[in-house]
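Everything on this sheet refers to the single structure shown next.
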Amino acid sequence: MHELEDLIYNIRIEYRKTAASVSQDSLLKSIDAVTNFLADLREHLNDFAPIHRLPPELLSLIFSTQLPRHHKNIFDSDRNSVNVYHHAHGWNALFARICRRWRAAALDTPEPWAYISAPPDSNQFRIHMERSQAHQLSLSIGTHIPDLEKVLRSVGLRLCRLDVAITTRPVEAIKPSSILQIDAPQLRCATFMCAREKFSSDTGGRSGPEVEWVELFGQPSCSLRALALALATNWLPSNTFADLTHLLLSCNPHLAVTSHSGLLALLCNTPRLEFLHIIHLWYHASDVNRSGVRMVALNRLRSLVVDTCTRISLLSFYARLTIPAHTLITLVEIVVGTAASAVPLLDESSPVTCLEINIDGSKLQVIAKSALRDFLLQWRSGGIEGMQTGPPLHRLLSLSAVTSLKVSFGSGHGLYVIDDLVPHLSQVSEVAIYHCYIGGTRYDESPYDTPAVFFDDLGRDGACPALSLLTVYLRLSTAELIEEDPVLYGVSEMLRARALSSASLPRVVVQPHARDPFTTQELEHIREWFTGYTAELELREAAIQVRPDPSEPAKRWMSDGAERYWHLYDRAKPEYLGPHGGDSSERWIAS
Numbered sequence: 113m114h115e116l117e118d119l120i121y122n123i124r125i126e127y128r129k130t131a132a133s134v135s136q137d138s139l140l141k142s143i144d145a146v147t148n149f150l151a152d153l154r155e156h157l158n159d160f161a162p163i164h165r166l167p168p169e170l171l172s173l174i175f176s177t178q179l180p181r182h183h184k185n186i187f188d189s190d191r192n193s194v195n196v197y198h199h200a201h202g203w204n205a206l207f208a209r210i211c212r213r214w215r216a217a218a219l220d221t222p223e224p225w226a227y228i229s230a231p232p233d234s235n236q237f238r239i240h241m242e243r244s245q246a247h248q249l250s251l252s253i254g255t256h257i258p259d260l261e262k263v264l265r266s267v268g269l270r271l272c273r274l275d276v277a278i279t280t281r282p283v284e285a286i287k288p289s290s291i292l293q294i295d296a297p298q299l300r301c302a303t304f305m306c307a308r309e310k311f312s313s314d315t316g317g318r319s320g321p322e323v324e325w326v327e328l329f330g331q332p333s334c335s336l337r338a339l340a341l342a343l344a345t346n347w348l349p350s351n352t353f354a355d356l357t358h359l360l361l362s363c364n365p366h367l368a369v370t371s372h373s374g375l376l377a378l379l380c381n382t383p384r385l386e387f388l389h390i391i392h393l394w395y396h397a398s399d400v401n402r403s404g405v406r407m408v409a410l411n412r413l414r415s416l417v418v419d420t421c422t423r424i425s426l427l428s429f430y431a432r433l434t435i436p437a438h439t440l441i442t443l444v445e446i447v448v449g450t451a452a453s454a455v456p457l458l459d460e461s462s463p464v465t466c467l468e469i470n471i472d473g474s475k476l477q478v479i480a481k482s483a484l485r486d487f488l489l490q491w492r493s494g495g496i497e498g499m500q501t502g503p504p505l506h507r508l509l510s511l512s513a514v515t516s517l518k519v520s521f522g523s524g525h526g527l528y529v530i531d532d533l534v535p536h537l538s539q540v541s542e543v544a545i546y547h548c549y550i551g552g553t554r555y556d557e558s559p560y561d562t563p564a565v566f567f568d569d570l571g572r573d574g575a576c577p578a579l580s581l582l583t584v585y586l587r588l589s590t591a592e593l594i595e596e597d598p599v600l601y602g603v604s605e606m607l608r609a610r611a612l613s614s615a616s617l618p619r620v621v622v623q624p625h626a627r628d629p630f631t632t633q634e635l636e637h638i639r640e641w642f643t644g645y646t647a648e649l650e651l652r653e654a655a656i657q658v659r660p661d662p663s664e665p666a667k668r669w670m671s672d673g674a675e676r677y678w679h680l681y682d683r684a685k686p687e688y689l690g691p692h693g694g695d696s697s698e699r700w701i702a703s
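Using the numbering used here, read the sequence shown as starting at 113 and increasing by one per residue.
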């Protein structure tokens, strides 16, 4: 191969020496001949590369498998653009620029060309249609396209996925009956969404017209397997979705006043639903006692995600559902409030026995497990403000049966959402505390300091009468600051208070929460702080693993198959905020 490269180089040198004595026409012809010769020679050289030993069919398969799956990100409540398949086009262009053989294979591989977001009257749209051959199409399109229904009819027989962005106003004028009366027998996934600015402009107040039922694709029974709706309109599909497994619905005030005949009726038409995700749930508390409002049995449901709603809406809606045991339930940004209500708690059929609370900066994560239910509750800075009006957890979950509690204090101590938690833990026997101390003063004496509130409550007379084991995992910064550590101080004060009230803890275990073990000086300090306040003090020198190996994928709360049709937005699959390398329940799986 090196000899051929040398030959090309020598040909160029000799050609330059003789070019001056040749006429212009002959020179141009010679240049073309030499250029073609060199191109053919390079192509021949490329044939020796290992990748070119693969047959064209296998090369096409590689192109298809390496195509970035950005089309799975179609449903995103914050997305404004409808051009979501441009990454696929970029990969096609990249493959086509490598060499002639790769270009031929890229142009002849239909799958990468089957994701189309170009305007129907453009040359790019025509190219994608031709090069996708007979492959099923995924089309992203906006309602501003002229003759939209005609365009959809022309591709309907090949459609397997359709993403429609409402890009015209008013949005109330856009109905599937006007644009989706097409024959699409292979369609399996459809999303309808308003662009963000149109959604916020057109939703208006909470009052609105009665839900309007429309028939998708002109047939009572629909073969869709995945459906996503984020509309500022008052219509919902009336079809029976016999095969639907994925439903994502972003509610709006137009559906709020008739939620008893809207959302529940839609769910009754989805007997095989496995993944249900609701954003901005609006549901009236009065609907719980409304006559004629039926229960909805989702017997195949595997995952329920509710993002952004009030406690009253959540409990009112949840009370109307019958779902299988061990269905994963994720609640994001639930505003709890202080209003009393007779609505039953989320876990009334199976009280929580294990509770884990993780605080990381402005994020709060609660993992609650019972014999039948696994809950994940997560708040961030925006939702936490709404919770600060009152203690949240016992208004959502019954805590009297909790026997095991884990609390992880991260670097942020500004959250006091676990205030008034301890009085509800009458059966807890084991408490584990994880803390990573960054430095600074001992701790803030204000009632808004989370460790201070928690330890003060735990040290009160009569608090957690069944508590027999306290395990503290510490990460100390330096020996000079050990006396200022907020957890050491808080735990020692709590132990002293319990000892004075004749409720001293039988056993306390202290272990490093870092890669390095405790030093001799640190062990002496810890022993001084705790001796005399507990019957048994165990100091472990070995450190635990704080975080998993960085090379391992992040742990996320989700069920296998949840992203089969679209890539769930990050808030629907929160990362585990706990201090150790993963949850032992097997509910946290690699995404």
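The C-beta atom is built at its ideal place from N, Cα and C for all residues, glycine as well.
Next on the checklist: Looking only at its chain, what residues have a beta carbon closer than 6 Å to the beta carbon of Phe567, apart from the 5 residues adjacent to it on each side?
Outcome noted: Gly602, Met606
Checklist entry - At what residues does the beta strand (DSSP E) containing Lys262 begin and finish? => result No beta strand (DSSP E) holds Lys262; the alpha helix (DSSP H) holding it covers 260 to 267.
Next on the checklist: At the level of alpha carbons, what is the spacing between Trp491 and Lys685?
Outcome noted: 13 Å
Next on the checklist: For Pro624 and Leu440, I'd like the C-alpha separation in whole angstroms.
Outcome noted: 33 Å
Next on the checklist: Just to confirm, is the Cβ distance from Val540 to Leu582 under 8 Å?
Outcome noted: no
Checklist entry - If you draw a straight line from the C-alpha of Thr352 to the C-alpha of Ala302, how long is it? => result 15 Å
Checklist entry - Alpha carbon to alpha carbon, what distance is there between Tyr546 and Pro535? => result 21 Å
Next on the checklist: Mapping the DSSP letters down to three states, classify Val326 as helix, strand or coil.
Outcome noted: strand
Checklist entry - Bridge partners of Val418, per DSSP? => result Ile390, Leu443
Item to check | Which listed residue (Leu467, Leu537, Ala609) has its alpha carbon closest to that of Arg712 | outcome: Since the first and last residues shown for the chain are 113 and 703, residue 712 lies out of range.
Checklist entry - beta strand (DSSP E) containing Trp347: first to last residue? => result 347 to 349
Item to check | Top-ranked residue by Cα proximity to Phe521, from Arg485, Gly690, Ser580 | outcome: Gly690
Checklist entry - Taking buried to mean at least 16 other C-beta atoms within 10 Å of its own C-beta, is Lys518 buried or exposed? => result buried
Checklist entry - Under a three-way DSSP split, which group does Gly316 fall into? => result At Gly316 the pLDDT is 45, less than 50, meaning the model places this residue with poor confidence; the figure from the coordinates comes in the next sentence. Three-state result, Gly316: coil.
Item to check | Inter-stretch contact (C-beta, 8 Å, three-pair minimum) for the segment 409 to 423 and the segment 669 to 678 | outcome: yes
Checklist entry - Should Ala344 go down as buried or exposed, given a rule of 16 or more other Cβ atoms within 10 Å for buried? => result buried
Next on the checklist: Is Ile479 close to the ligand GDP? I mean its beta-carbon at under 7 Å from any heavy atom of the ligand.
Outcome noted: Summarising the ligand content, the structure contains no ligands, and the ligand GDP is consequently not present.
Item to check | Terminal residues of the beta strand (DSSP E) in which Met407 lies | outcome: Run containing Met407: none; DSSP gives neither H nor E here.
Checklist entry - How would you write the range of the alpha helix (DSSP H) that Gly687 sits in, first residue to last? => result Contrary to the premise, residue 687 reads as Glu rather than Gly in this sequence. Where Glu687 is concerned, there is no enclosing alpha helix (DSSP H), given that its DSSP letter is neither H nor E.
Next on the checklist: Suppose the cutoff is 6 Å on Cβ atoms and the five residues either side in sequence are ignored; what does the same chain contact list for Glu648 look like?
Outcome noted: Arg619
Checklist entry - Shortest alpha-carbon distance to Gln298 belongs to which of Leu292, Gly268, Val276, Glu324? => result Gly268
Checklist entry - Where do the ends of the alpha helix (DSSP H) carrying Val478 lie? => result Where Val478 is concerned, there is no enclosing alpha helix (DSSP H), although the beta strand (DSSP E) it sits in stretches over 475 to 481.
Item to check | Asp628, buried or exposed, once every other Cβ within 10 Å from all chains shown has been counted against 16 | outcome: exposed
Item to check | Ile294 to Leu264 span [Cα, whole Å] | outcome: 7 Å
Next on the checklist: If you reduce the DSSP assignment to three classes, tell me which class Leu379 lands in.
Outcome noted: helix
Checklist entry - Under a Cβ-count criterion, where at least 16 other Cβ atoms within 10 Å of its own Cβ denotes burial, should Gln477 be classed as buried or exposed? => result buried
Item to check | Coarse secondary structure for Pro691, derived from DSSP in three states | outcome: coil
Checklist entry - Ala230 to Asp259, Cα distance in whole Å? => result 15 Å
Checklist entry - Under a Cβ-count criterion, where at least 16 other Cβ atoms within 10 Å of its own Cβ denotes burial, should Gly374 be classed as buried or exposed? => result buried
Checklist entry - What's the C-alpha gap between Arg683 and Tyr430? => result 20 Å
Next on the checklist: Helix, strand or coil, according to DSSP, for Met305 in the structure here?
Outcome noted: strand
Item to check | 8 Å Cβ cutoff met for Pro162 and Ala217 | outcome: no
Item to check | Bridge partner(s) assigned by DSSP for Val620 | outcome: Leu582, Leu649
Checklist entry - If you compare alpha carbons, which of Arg652, Glu650, Glu687 is closest to Arg668? => result Glu687
Checklist entry - Using the rule of at least 16 other Cβ atoms within 10 Å of the residue's Cβ for burial, across every protein chain shown, is Lys481 buried or exposed? => result buried
Checklist entry - Assuming Leu413 and Leu385 make a contact with CB atoms under 8 Å, what is their CB distance in whole Å? => result 6 Å
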